[in-house]
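76 is the number that this note's numbering gives to position 75 of the sequence shown; each next residue is one higher, with no gaps.
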Amino acid sequence: MKGKDIELNDQHFSKLCNLVYKHTGIALTEAKRELVKRRFSPRIRELGLRGFSEYCDLIDQKGGSELTLFTNAITTNLTSFFRESHHFDYLKNEILPNFYRKHGHRKLRIWSAGCSTGEEVYSIAISLREALLDIDRWDIKILATDIDTDILHQASRGIYEAKRLEAFPSDWISKWFKKGRGANAGRYQAKQSLKDLVYFQHLNLIEPWPIRNKFDVIFCRNVIIYFDFDTKKKLVERFYKVQNDGDYLFLGHSENLHNTHIAYELIGKSMYVKGKAGC
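Written as structure tokens, this is what we have:
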């Protein structure tokens, strides 16, 4: 087996698909089979197992960290600062300027569901600080969650390679990030003024949520693309229940709510507002 990909037959791939779907809601397709075989043949050898049959048994019996490792390896964490910039423009230019007039208070709750390595959540924090000149008078919390524990740790540290910020002016970078030193030379770290707005939490979106807040804005971008229709619909129904009428849901550029019959109104590209009709 050394040096070669281990055979992944229909039976074992189907079992892996079922296990991942059961625990995470992620729907693996046939197109992922070669990726799984390539990435996990070395892992099986490392564990001293005889093949994918024993690896399936390991995940089934122990779950936990090995299932998390598997899930982390098959999901894509590609992101960037201000990706799909129209969402942040709408947040800064429409939602925030009208928030106090609309609600009569300055308590703002935002959820980044599937925050990945943190670029999205720090983009939100920067948008808030740029748009709200009186931000010290506001009660703001941004919840950042992800199923991937390693990625969530990276996000909470807020440290990025310089090339992740090369598209932005130097004075803008220095306003929101500090240069790394020592082991972090050549990197930048999000300043405390951004981190103070955010709290990070590990969360599997298909499991029960320890969440009691209502959210004025939910960012769930490039997450539901991994789910089948039924799982996507159930997730959006749960988002609906933690929002009030007039609150906002932002999805990824290739995601939509077609045929879900959930009362969100499309107001722009992958941007929705909650309506008054029930699910």
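Just so you know, even glycine gets a beta-carbon here, dropped at the ideal spot from N, CA and C.
(request) Per DSSP, which residues does D58 bridge with? Please list them. (result) Answer by DSSP bridge pairing: none, since D58 is not bridged.
Between D217 and the rest of its own chain, which residues show a CB-CB distance below 6 Å, the 5 nearest in sequence each way excluded?
L109, R110 and D248
> Looking at D140 and R107, is the spacing between their C-beta atoms short of 8 Å?
Replying inline: yes
Assign R222 to buried or exposed, taking buried as 16 or more other Cβ atoms, counted over all protein chains shown, within 10 Å of its Cβ. buried
**Message:** Residues in the same chain with beta-carbon distance under 6 Å from C280, minus the five sequence neighbours each way, listed in chain order, please.
**Reply:** Confidence in C280 is poor, its pLDDT being 45 and thus under 50, which makes the residue's placement unreliable; the coordinate value appears in the next sentence. If we look at C280 and ignore the five residues flanking it on each side, its Cβ neighbours are E238, Y241 and I263.
Alpha carbon of L97 to alpha carbon of L134, nearest angstrom | 11 Å
Using the rule of at least 16 other Cβ atoms within 10 Å of the residue's Cβ for burial, across every protein chain shown, is L153 buried or exposed?
buried
From what residue to what residue does the beta strand (DSSP E) around I75 run?
Note, I75: premise wrong, no beta strand (DSSP E); alpha helix (DSSP H) at G65 to I75.
**Report entry** L97: first and last residue of the uninterrupted beta strand (DSSP E) it sits in
**Finding:** First-last for L97: L97 to H104, but that is the alpha helix (DSSP H), not the beta strand (DSSP E).
**Asked** According to DSSP, what are the bridge partners of Y161?
**Response** Y189
State the start and end residues of the unbroken beta strand (DSSP E) segment that holds V274. M272 to K275
| Length of the line joining the Cα atoms of E47 and N205 | 27 Å
So S255 and I226 are in contact, right, with Cβ under 8 Å, and what is the actual spacing, rounded? 6 Å
Residue range of the unbroken beta strand (DSSP E) whose run includes W210: Looking at the DSSP string, W210 is not in any beta strand (DSSP E), and its letter there is neither H nor E.
| task | Could you tell me which uninterrupted beta strand (DSSP E) segments, each at least 3 residues in length, are contained entirely in the stretch 196 to 258, listed from first to last along the chain? | result | 199 to 203, 218 to 221 and 249 to 252
Exercise for review: On a CA-only basis, which of K176, F14, I125 and N94 is nearest L198? Give me that one, please.
Suggested key: I125
### Message
Could you pull the DSSP bridge partners for I141 from this structure?
### Response
L109
Margin query: Quick check on Y200: buried or exposed, where buried means 16 or more other Cβ atoms within 10 Å of its Cβ?
Written below: exposed
>> Comparing C-alpha positions only, which one of K275, R44 and L17 sits nearest to R34?
In response: L17
- Task: Give the single residue among T69, N94, E120 and A114 whose Cα lies nearest to the Cα of F82.
- Result: E120
Rounded C-alpha distance that separates E67 from Y56 = 10 Å
Q: Have a look at Q190, P209, H87 and K196 and flag the residue whose alpha-carbon is nearest the alpha-carbon of G253.
A: H87
- Item | A126 (DSSP reduced to helix, strand or coil) | helix
Bridge-paired residues (DSSP) for A114: T146
* **Residue from N260, L195 and G269 with nearest C-alpha to S157** => L195
* Pick helix, strand or coil for R50, following the three-state DSSP scheme. => It should be noted that the sequence gives Leu, not Arg, for residue 50. Note: L50 maps to coil in three-state DSSP.
- How many Å lie between I160 and K192 at the Cα? 10 Å
Who pairs with G269 in a beta bridge, going by DSSP?
M272
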